[in-house]
Structure formats: C-alpha cells, structure tokens
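Q: Following this message is one structure expressed as structure tokens.
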C-alpha cells in the first residue's frame, strides 16, 4: 500500500477546493487515494493532481466509506447535511463552512494558535471564518504576551470570499464600468467595481452582520477567551484575493510597538512588514498567493493606555481557508487523529 | 455695479478648483467678478462659467488686489507662500490646504459644526482635511448630545484625494491590469488597482501618517475639544470619488443606536441611510456627486458601555473640499466677514 491516507476533497471545483488541491500538491500531502467530490452538476469534471487525472464524482454519503479524511469546501447547508454522514461512514471531516464552528463538541482550529484542540475532536474539526483566521494569527502572540482585553476591527475583504463567482463579478463589473454598461449584481448586493459594500453575509443581531459576529464569536472560541470584547465592521472591497484588517487592540499589560514587532517576528505564520521609511506595509495585491499573515503599521493606539494599532493582510483563499484546512489535515495525519 | 463680490479661485484647473466652480454655479454664488488663477503653466486655459469664458491667469500677488475673497484650492506650499500675500492685498482667503489649519489665529471651519469661528478670522479661514470634514459632520451631533470621549476610525479613501492625477492613475492602472501590462505608480506609492495602500501623506510621528494625525488634530480644533482621544488608520482604496470611514465612538452619556439615528436625521448636512432589511447603507459609488455626509450601519459598540459604531461615506471633492469651502464663502459674504 502506498504511503498516506485516503483523502476526499468535497467541493473540489470551487475556489477553495481548487486552492486546496494546489496546496496539497505544494506541500506533498501524504495521499494514498484522492477522491474529488462536488455538486452533481460538476460530475465528470476532470481534475489533474500530480500529473494524474481524477474524475469528479457527485458527493454522496457512500463515497466517504472510501476516505479516511475529508476536506469540506462547500456551503453551510451542504456541510450541515453531508458532514455528519461522512463521520458516520468513519471519515474525519475538516469543514470549512460555518455549520459546526460554534458547536461545543467541535474544535475550531487555527494551527498556529490552538493546535491542541485537534486532539479532542469527535469526527468534525471546523475551519474558522477567513477574516477570523487572519486576525487571530496576528493577535494570538500579542494575547500570549500581554492578555487581550478589547479588539476593534474594521475589515477590507476581497471578493474571493464569495468564491469563483465573486472573482468573476469584480472583473465583469469593472469592465462594464469602463464600457459604460449597466451592471446587475448577482453575487453581491450592489455593484462592487470601484465601490465598497459594508455588508457581508446576512444581518443577524443588533444590526450586525453574521460576518461581523463571526469575528466576535469565533475569535473568543479559538483564543479560549470567552470574555474577550470584540466589535467589528466588515466591508467588501474591490480587491481580488487578500483580506485586510485595521485592528485596534487593548491589552492588560503594556507593550510597545517595538515589542509587538519582535513578538510577531518570532511567531509562526506571521511576516512583519513594517518599515514606513521604505513604504513597506502589507498590501492585498502582494500578499495574495502567500500562506502567511502579513502585519504592519504597528503603532501605539493614541486613545488608551495599553493600546496597539495594526494593519493586517493575508490571502483569503489560502490562509483564510484552504491552507488552514490543509494544515489541520497535516496534524490529523501526523498524530493519527483520524 | 452688479450684485456680489469679486471672487478669485486659485487652482481653478485642478480637481477641487473645477468642482468649486461647478458648485459656485449650482448655488448661484453672488459674484460680481470671477478671477480664475492657476499655476503659470495653466495660463491661458479657458474656463466656462455661467456661459461666459474666463481666461486662467497665472496666480501672483498682484491679482489679489482685484478680489474680495479668494478660494485657494492648491497645495500646501503654494498656499503657504501666496495666501499671506493675498491677505496683504486686502483679500479674505479660504484655504483648502494644510498650511494654516493648525495655526491658532486661523479658524478651521465646517459650517455645520463651528460656523461661529468664521467671525474671528484675521484674513485666512482654513478648510479642513477631507476625511476630517466628513467625520466631524457625522460626529458633532453625537458630541452635542452625549459628549464624545474617544474615537477610533479606519478610513477607506478614494483616489480623488490625490486630485485629477489620482483619478487618472486608478483608471490607467485598472486598464493595464486587464491588459496584463506592468504599471509604474506615479501618484501613489504602489499600484492602486485592486489594491489597498495603508499610507496617505507622509509619515510624521509614532509611525502615524500626517493624514491620520490630521484626523486627530483637526477634529479636536473643529469640535473645540482639545482632550478628545482620537486614533486613526488611513487607507487608500480603489474607489474614484467618495471617502468612507468605519468609526467607533465612546460618549460620556449613553445613546442608543435609535437615538443616534434620530439625532443624525435632524442634523444639517447629514443623510441617514440605515435600513439593513433593505440593504440600505452608505456606499461610495452612490454618495459621489452629493454634498451630504451619509451615515449608516449605526450599532451599539459591543466592547464598551457607551459606544456606538457607524459607517460614513461622502464625496471627497465636494463636501470633503469644494462644497465646504463654498459654504464658508457664503457665510463670509452673508455676514460681511471680508
């Protein structure tokens, strides 16, 4: 038998699914058998993996009997339905959707932050929301050093958060704008070219969107810090792949910007890009297609005693989704947690 | 003699200058003589105003002897040099640059906020920074109702802040992106198409940019609130004309989001667009070419007792610059403050 596990990728034709396959190849993930699954409409699509052709099959409970681990890169409703069936079939699921993230018995994991939580999974491990992953990779080292008490975050989120269709709509809308054509938004609520839309996911409570509340709920769970005060404003911007975030944090103990720079420079998955004298700071155009979370513009927050302001950018499809899931899968395999 | 004053527009060929002329016409500003001035390189350019052709002249101290009021829409260095000479020539200057904004003897005015400060001018009245104007129009009514103590703001600033050249660069860079051509940034530090640049104006202190510190210094002066705590992150976004801002405020007295909505609905220069159930909130594409500051996404800040989060957008060239200057000029004329 060849080295590795039998791995299913569910949603293999989507933006995150395709990136997942790319990352599995890049990282030489130990696979003995690759099973590409997707919506029945995608059945028969050919996907190349390490030079071999794989035919996409319609995702169904049956398929999971042949897999050890399944990476789910599909919507919440599909995950809700299919992931428990996969677990019943003996498969360990790493789920990218919102379906199980806040379920008590499901660990919500960012490998740089809370890898220990993988150990107690009961079949499903949840991959957090993209903007949350990016934020906690940057904030956890600060939290470990000085204990976070408050986070105020405003996001600048790329269209890739809405998948391949989102990427297409930004391109189409932009071309239409130049051609003087009217556009009819399909993916987003409003035209996205040369615009900003302060509305991601649906409105849930107190006129916050679910995207904003994910930054509250998921951050608390990942950091094991249920009292952490977080407030967010989530905004869609006309950028293709990387999310950016303007974050103001308060900590129990004081930290200077220089200390934060040093702490982050020695933290896994973080690249500090913070040299104003050379116009160096994270920008979404240049953090796209990377796996790290880039942090810069580190300053004292001028409004409070122990406050730090920072600016973060990272590829939404990679670290915000696919890379994080593959990292979890690597740990699952390494420690035989499946 | 015809009704009105002799008005000079300095920088008449620039983005703000052109918009100023448009707004003067729209508002039927009482002009007996219009004097269009600009850089010597622009001399001879013909500008149409109310159906009449005006020849642009090179701005020089001499010209101001023929004017009662001068609207300066030029860079800080030109204003620094020319505005005092205009005042010496008996002209009242309304200056759009940064040159005099923080000078104690110069009022810094947003007509909806501190019109009373126009009265004590000594020749120069300063027009605030665009992002500051937009923010204080939204925040002053909250301040009057509940006393502001803290402001955390992240901006999403349009390229129009860099003038006609900025508008051109976004268009060019976007077209080049589609054509697969390399771009060399001229106006901005980095490519702006499908990107975000967390760097506006130069870096000044504590690794803050001057644009960010303007939001601190100018807000305090306009609101007559020198102790107000403000911290800002200023980011350039690929949007043409309107600036947007994500703002978290704290107040001494409590206010509910509904109270804030009511207060702002009755405030001059503000339009409340805040109906999540109908996907209604301010967006820069739709606030462009308007004079009002649009406010929405009004919510309780989840991290503090008396906190409110809001999202603001307004046309940077109009209310952020030209309209505000013309409003000041109208008050100067109405009250004979020249």
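Chains as they are written, first to last, in the working numbering: chain A, 10 to 347; chain B, 10 to 347. Glycine is no exception: its CB is placed at the ideal position from the N, C-alpha and C atoms. All values derive from a computational prediction rather than experimental measurement.
#1: With DSSP collapsed to three states, give me the class of residue 139 of chain A.
#2: What residues are listed by DSSP as bridge partners for residue 253 of chain B?
#3: Based on the DSSP output, what are the partners of residue 238 of chain B in its beta bridges?
#4: Ignore the nearest five residues each way along the sequence and tell me which others in residue 217 of chain B's own chain have a CB closer than 6 Å to its CB.
#5: According to DSSP, simplified to helix, strand and coil, what is residue 273 of chain A?
#6: Just confirm the distance between the C-beta atoms of residue 249 of chain A and residue 176 of chain A, as a whole number of angstroms; I'd bet it's less than 8 Å.
#7: In chain A, which residues lie with their C-beta within 8 Å of the C-beta of residue 212 of chain B?
#8: Can you list, in chain order, the stretches of the beta strand (DSSP E) that have 3 or more residues and sit fully within the stretch 151 to 235 of chain A?
#9: Report, in whole angstroms, the separation of the C-beta atoms of residue 253 of chain A and residue 162 of chain A, which I expect to be a contact under 8 Å.
#10: Let me see if you follow: with CB-CB separation under 7 Å, is residue 216 of chain B close to chain A or not?
#11: Are residue 294 of chain A and residue 281 of chain A close, meaning C-beta to C-beta below 7 Å?
#12: Which partner residues does residue 309 of chain B have in the DSSP bridge list?
#13: Check residue 63 of chain B in the structure and name its three-state DSSP category.
#14: Using only the alpha-carbon positions, how far apart do residue 142 of chain B and residue 328 of chain B sit?
#15: Any idea if residue 133 of chain A is buried or exposed, counting beta-carbon neighbours within 10 angstroms, 16 or more meaning buried?
#16: Locate the beta strand (DSSP E) running through residue 341 of chain A, then write down its first and last residues.
#17: To be precise: take each residue of the stretch 241 to 267 of chain A, compare its Cβ to all Cβ atoms of chain B, and keep it if any distance is under 8 Å. Which residues remain?
#18: So for residue 248 of chain B, helix, strand or coil by DSSP?
#19: I'd like the list of long-range same chain contacts for residue 89 of chain A, defined as Cβ closer than 7 Å, with 5 residues on each side in sequence excluded.
#20: Give the DSSP-derived three-state secondary structure of residue 41 of chain B in the structure shown.
#21: Kindly provide the ranges of any beta strand (DSSP E) runs that are 3 or more residues long and lie completely inside the stretch 73 to 124 of chain A, ordered along the chain.
#22: In the DSSP assignment, what residue or residues form a beta bridge with residue 259 of chain A?
#23: Show which residues of chain A have a CB atom less than 7 Å away from the CB atom of residue 204 of chain B.
#24: Identify each residue in the stretch 113 to 138 of chain B for which the Cβ-Cβ distance to at least one residue of chain A is less than 8 Å, and report them in chain order.
#25: Using Cβ-Cβ distances below 8 Å, what residues of the stretch 310 to 328 of chain A are close to chain B?
#26: Bridge partners of residue 303 of chain A, per DSSP?
#27: Mind checking residue 193 of chain A: buried by the 16 CB within 10 Å criterion, or exposed?
#28: Would you kindly check if the distance between the Cβ of residue 309 of chain B and the Cβ of residue 263 of chain B is under 7 Å?
#29: Is it right to say residue 26 of chain B is buried, meaning 16 or more other beta carbons lie within 10 angstroms of its own, or is it exposed?
#30: Does DSSP put residue 47 of chain A in a helix, a strand or coil?
#31: Quick check on residue 161 of chain B - is its C-beta less than 7 Å from some C-beta in chain A?
#32: Could you tell me which residues DSSP puts in a beta bridge with residue 146 of chain B?
#33: For the stretch 15 to 35 of chain B against the stretch 38 to 53 of chain A, are there 3 or more C-beta pairs whose distance is under 8 Å?
#34: Go ahead and pull the three-state DSSP assignment for residue 10 of chain B.
#35: Under the DSSP definition of a beta bridge, which residues are partnered with residue 134 of chain A?
#36: What are the partner residues of residue 19 of chain B, as DSSP defines its beta bridges?
A: The structure says:
#1: helix
#2: In the DSSP assignment, residue 253 of chain B is bridged to B:165 and B:322.
#3: As a beta-bridge residue in DSSP terms, residue 238 of chain B pairs with B:159.
#4: none
#5: Three-state DSSP puts residue 273 of chain A in a helix.
#6: With a Cβ gap of about 6 Å, residue 249 of chain A and residue 176 of chain A count as contacting.
#7: 285 and 286
#8: 157 to 165 and 212 to 214
#9: No, residue 253 of chain A and residue 162 of chain A are not in contact; Cβ-Cβ is about 11 Å, not under 8 Å.
#10: So yes, residue 216 of chain B belongs to the interface.
#11: no
#12: B:317
#13: strand
#14: 7 Å
#15: buried
#16: No beta strand (DSSP E) contains residue 341 of chain A, which is instead part of the alpha helix (DSSP H) from 332 to 343.
#17: 242, 244, 246, 247, 248, 249, 253, 255, 257 and 266
#18: coil
#19: Excluding residues within five positions, the ones whose Cβ falls inside 7 Å are 108.
#20: Residue 41 of chain B: strand per DSSP, three-state reduction.
#21: 78 to 81 and 101 to 104
#22: A:159 and A:316
#23: In chain order: 248, 292, 293 and 294.
#24: none
#25: 310, 311, 312, 313, 316, 318, 320 and 322
#26: A:280 and A:322
#27: exposed
#28: no
#29: buried
#30: strand
#31: yes
#32: Its beta-bridge partners do not exist; DSSP assigns none.
#33: no
#34: Reliability of the predicted coordinates at residue 10 of chain B is poor, the pLDDT of 39 falling under 50, and the value obtained from them is presented with this limitation in mind. When DSSP states are grouped into helix, strand and coil, residue 10 of chain B belongs to the coil group.
#35: A:103, per the DSSP bridge assignment.
#36: B:46 and B:81
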